[in-house]
Amino acid sequence: MDKLNLHHPLFATYAIAASLMILKGVAMSWLTVVRMLQVNGGFRSPEDIKKTPVNPNPSAAQLAPNERVERIRRIQQNDLENLPYFLVAGFLYVLTGPPLLLAQWLLYGYVATRLAHFAAYFTGQIHDIRAALWTPGSLILIFMAGRTLVAALGY
Amino acid sequence: MDKLNLHHPLFATYAIAASLMILKGVAMSWLTVVRMLQVNGGFRSPEDIKKTPVNPNPSAAQLAPNERVERIRRIQQNDLENLPYFLVAGFLYVLTGPPLLLAQWLLYGYVATRLAHFAAYFTGQIHDIRAALWTPGSLILIFMAGRTLVAALGY
Amino acid sequence: MDKLNLHHPLFATYAIAASLMILKGVAMSWLTVVRMLQVNGGFRSPEDIKKTPVNPNPSAAQLAPNERVERIRRIQQNDLENLPYFLVAGFLYVLTGPPLLLAQWLLYGYVATRLAHFAAYFTGQIHDIRAALWTPGSLILIFMAGRTLVAALGY
Chain H
2 MDKLNLHHPL
12 FATYAIAASL
22 MILKGVAMSW
32 LTVVRMLQVN
42 GGFRSPEDIK
52 KTPVNPNPSA
62 AQLAPNERVE
72 RIRRIQQNDL
82 ENLPYFLVAG
92 FLYVLTGPPL
102 LLAQWLLYGY
112 VATRLAHFAA
122 YFTGQIHDIR
132 AALWTPGSLI
142 LIFMAGRTLV
152 AALGY
Chain Z
2 MDKLNLHHPL
12 FATYAIAASL
22 MILKGVAMSW
32 LTVVRMLQVN
42 GGFRSPEDIK
52 KTPVNPNPSA
62 AQLAPNERVE
72 RIRRIQQNDL
82 ENLPYFLVAG
92 FLYVLTGPPL
102 LLAQWLLYGY
112 VATRLAHFAA
122 YFTGQIHDIR
132 AALWTPGSLI
142 LIFMAGRTLV
152 AALGY
Chain L
2 MDKLNLHHPL
12 FATYAIAASL
22 MILKGVAMSW
32 LTVVRMLQVN
42 GGFRSPEDIK
52 KTPVNPNPSA
62 AQLAPNERVE
72 RIRRIQQNDL
82 ENLPYFLVAG
92 FLYVLTGPPL
102 LLAQWLLYGY
112 VATRLAHFAA
122 YFTGQIHDIR
132 AALWTPGSLI
142 LIFMAGRTLV
152 AALGY
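Chains as they are written, first to last, in the working numbering: chain H, 2 to 156; chain Z, 2 to 156; chain L, 2 to 156.
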């Protein structure tokens with residue numbers, strides 16, 4: 002059995018979940034760009050208020066934090082605090098040879114809660130809702146890393 | 002020999018170190034939550050000062066940076082600047098087939114210095130101590146990535 | 002065929018690109034240190050203005066943001082928003098068994114544009130140039146993750 006074969010159900014499950022999360026993470030960069038263009042501001046570097054074809058009428062105000070841009074940056078930062086760990090924890094977890102159904106629940110469940118967390122954060126839902134949608138993903142992460150640890154310690 | 006078998010000593014060493022670092026990284030999110038509850042502040046989003054069951058008496062002051070929370074955020078940011086690279090560098094490094102004892106020293110040494118770095122940062126030790134505890138981990142990272150590069154260039 | 006063998010051209014291509022990006026990412030931490038020593042400031046923690054052998058004449062001004070340091074921090078943050086995703090997306094992509102030449106163009110192309118992006122950011126080039134150098138890398142990321150997703154969904 003080739004554990005890293007994309008035709009292997011367990012590894013395919015991981016690869017699907019990982020690809021979706023990577024695409025989601027990368028989308029945050031593009032969303033930041035879209036928002037910066039929309040508000041014509043929210044920039045960060047001094048050179049960003051030089052006159053260029055893309056920024057023909059620069060002003061110092063463009064370097065001030067803009068909430069519409071900052072919201073996406075916070076969402077992106079939340080991704081950075083979670084997705085890299087998920088990408089490795091999920092990989093190691095499927096190598097422990099878990100039941101396929103459990104792996105699907107955990108990996109796709111993680112993806113689903115992260116997308117729901119994004120929707121809640123993006124639309125400015127109250128903190129309680131955001132926290133409720135962040136928590137299951139974090140618990141899945143802890144479970145997968147813990148399971149890997151136990152399996153590896155038993156060698 | 003199956004290089005990705007958790008019963009293989011080299012890969013198990015990596016999996017143990019990686020799992021511990023993932024659990025450590027995820028713990029920073031929970032520690033941030035604990036601190037925000039303790040100080041009832043250090044929030045970041047405008048919607049976090051809406052009245053909710055968890056925040057029955059909101060105030061604008063809750064959005065101000067709080068040093069007890071900010072300290073954990075800085076520790077977490079330091080993790081983000083180091084752990085994702087470690088998780089991949091360590092994986093590639095064990096694939097180069099190093100001596101087990103050397104791999105154990107490097108991977109467990111990395112984990113040990115990161116935990117010591119956390120303890121120093123958490124308790125506000127002077128910068129010199131923090132730097133002394135960060136440096137060996139960063140050098141281990143450079144060594145593992147450099148060793149992988151040399152091995153891969155020789156194909 | 003051992004897909005994770007560093008003598009396998011596809012995997013070696015990935016390992017070379019990944020190692021270079023890890024070394025580049027880690028270098029940002031060291032560059033931050035160099036800049037903090039150069040300007041004797043740009044620190045972030047209250048304890049960093051305690052009198053120590055490395056900081057014999059501390060002052061509160063050392064905690065103020067310093068543009069020469071902040072520039073490196075922004076470059077590093079840009080790395081964190083990109084490299085961890087690349088490290089996993091590139092790994093999964095080579096497991097889909099792409100043509101070697103295409104994989105080399107994508108993986109080495111990513112490395113080349115990231116190094117060019119660094120050079121532009123480091124020297125304060127206008128935003129239009131920086132954006133033009135960031136975009137191909139992000140598109141490569143999206144392509145590799147999308148290709149992996151399609152391959153994994155077809156299992």
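Note that the Cβ used here is the ideal one computed from N, Cα and C, for glycine as well.
Every value quoted in this text rests on a predicted model; they were computed, and no experiment measured them.
Run down chain H in chain order and give the residues with a C-beta less than 8 Å from the C-beta of residue i.
{"i": "Z:Leu24", "result": "Ile143, Ala146, Gly147, Leu150"}
{"i": "L:Leu64", "result": "The contacting residues do not exist; L:Leu64 stays about 20 Å from chain H at best."}
List the residues of chain Z whose Cβ lies closer than 8 Å to the Cβ of residue i, in chain order.
{"i": "H:Gln126", "result": "Glu48"}
Quick check: is any heavy atom of the ligand MG less than 7 Å from the C-beta of residue i?
{"i": "H:Lys25", "result": "Absence of the ligand MG from the depicted structure is noted, as is the absence of any ligand whatsoever, leaving it without description."}
State the Cα-Cα distance for the pair residue i and residue j, rounded to the nearest angstrom.
{"i": "H:Phe144", "j": "H:Asp80", "result": "19 Å"}
{"i": "L:His8", "j": "L:Ile17", "result": "11 Å"}
{"i": "L:Val70", "j": "L:Arg36", "result": "6 Å"}
{"i": "L:Gly26", "j": "Z:Gln78", "result": "14 Å"}
{"i": "L:Leu84", "j": "H:Pro57", "result": "32 Å"}
{"i": "Z:Ala153", "j": "Z:Trp106", "result": "22 Å"}
{"i": "Z:Leu93", "j": "L:Trp31", "result": "22 Å"}
{"i": "Z:Arg148", "j": "L:Asn6", "result": "15 Å"}
{"i": "Z:Asp129", "j": "H:Gln126", "result": "42 Å"}
{"i": "H:Thr53", "j": "H:Glu68", "result": "24 Å"}
{"i": "H:Leu102", "j": "Z:Leu24", "result": "24 Å"}
{"i": "H:Val55", "j": "L:Leu116", "result": "23 Å"}
{"i": "H:Ala132", "j": "Z:Val151", "result": "45 Å"}
{"i": "Z:Tyr86", "j": "H:Gln39", "result": "34 Å"}
Please confirm if residue i has its CB atom under 8 Å from at least one CB of chain Z.
{"i": "L:Val112", "result": "no"}
{"i": "L:Ser139", "result": "no"}
{"i": "H:Leu38", "result": "no"}
{"i": "L:Asn41", "result": "no"}
At 7 Å on the CB atoms, spell out the chain L contacts of residue i, in chain order.
{"i": "H:Arg158", "result": "There is no way to answer for residue 158 of chain H, as the model of chain H reaches only from 2 to 156."}
In chain H, which residues lie with their C-beta within 7 Å of the C-beta of residue i?
{"i": "L:Val89", "result": "Ala19, Ile23, Leu88"}
{"i": "Z:Ser30", "result": "Glu82, Ser139"}
Flag residue i as yes if its beta-carbon sits less than 8 Å from any beta-carbon of chain H, otherwise no.
{"i": "L:Asp129", "result": "yes"}
{"i": "L:Thr97", "result": "yes"}
{"i": "Z:Pro1", "result": "Because chain Z here runs from 2 to 156, residue 1 of chain Z falls outside it and cannot be looked at."}
{"i": "L:Leu108", "result": "no"}
State yes or no: is the beta carbon of residue i nearer than 8 Å to at least one beta carbon in chain L?
{"i": "H:Ala13", "result": "yes"}
{"i": "H:Lys4", "result": "no"}
{"i": "Z:Ala104", "result": "no"}
{"i": "Z:Leu237", "result": "No statement about residue 237 of chain Z is possible, as the shown extent of chain Z runs from 2 to 156 and does not include it."}
Can you list, in chain order, the residues of its chain whose CB lies under 6 Å from that of residue i, leaving out five sequence neighbours each side?
{"i": "Z:Pro137", "result": "Thr114"}
Using the beta-carbon of each residue, which ones in chain H are nearer than 9 Å to residue i?
{"i": "Z:Pro54", "result": "Asp129"}
Take residue i and list the residues in its own chain whose beta-carbon comes closer than 7 Å to its own, dropping the five residues that flank it on each side.
{"i": "Z:Ile179", "result": "Only positions 2 to 156 of chain Z appear in this structure, which leaves residue 179 of chain Z out of reach."}
{"i": "L:Asn41", "result": "Gln63"}
{"i": "H:Gly91", "result": "Tyr15, Ala18, Ala19, Leu108, Met145"}
{"i": "Z:Val112", "result": "Ala18, Leu21, Met22"}
{"i": "L:Ile141", "result": "Leu107, Gly110, Tyr111"}
{"i": "H:Ile73", "result": "Met29, Leu32, Thr33, Arg36"}
{"i": "L:Lys51", "result": "Pro59"}
{"i": "Z:Ala13", "result": "Leu7"}
Please work out which residues of its chain come closer than 8 Å, Cβ to Cβ, to residue i, disregarding the five sequence neighbours upstream and downstream, and give them in chain order.
{"i": "H:Met2", "result": "Annotation note: pLDDT 48 at H:Met2 (below 50); position unreliable, no value reported."}
{"i": "Z:Pro66", "result": "Gly43"}
{"i": "L:Leu96", "result": "Lys4, Thr149"}
{"i": "Z:Pro47", "result": "Leu64"}
{"i": "L:Ser139", "result": "Asn83"}
{"i": "Z:Ala104", "result": "Leu11, Thr14, Tyr15, Tyr94, Val95"}
Here's the rule I'm using: 16 or more other beta-carbon atoms within 10 Å means buried, otherwise exposed. How should residue i be labelled?
{"i": "L:Trp135", "result": "buried"}
{"i": "L:Ser60", "result": "exposed"}
{"i": "H:Leu88", "result": "buried"}
{"i": "Z:Leu11", "result": "buried"}
{"i": "L:Glu82", "result": "buried"}
{"i": "L:Pro164", "result": "A query on residue 164 of chain L cannot be resolved here, the shown segment of chain L reaching from 2 to 156 and no further."}
What does residue i reach in chain Z if we use C-beta pairs closer than 7 Å?
{"i": "H:Ala153", "result": "Leu7, Ala13, Ala16, Ile17, Ser20"}
{"i": "H:Leu101", "result": "Per Cβ cutoff of 7 Å: no residues; H:Leu101 is ~18 Å from chain Z at best."}
List, in chain order, every chain L residue whose beta-carbon is nearer than 9 Å to that of residue i.
{"i": "H:Val27", "result": "Glu82, Asn83, Tyr86, Ala90, Ser139, Leu142, Ile143, Ala146"}
{"i": "Z:Leu134", "result": "The premise fails here: Z:Leu134 is roughly 14 Å from chain L at the closest Cβ pair, so nothing lies under 9 Å."}
Does the CB of residue i have a neighbour CB from chain B at under 8 Å?
{"i": "H:Phe119", "result": "Of the chains in the structure shown, none is chain B; the protein chains are H, Z and L."}
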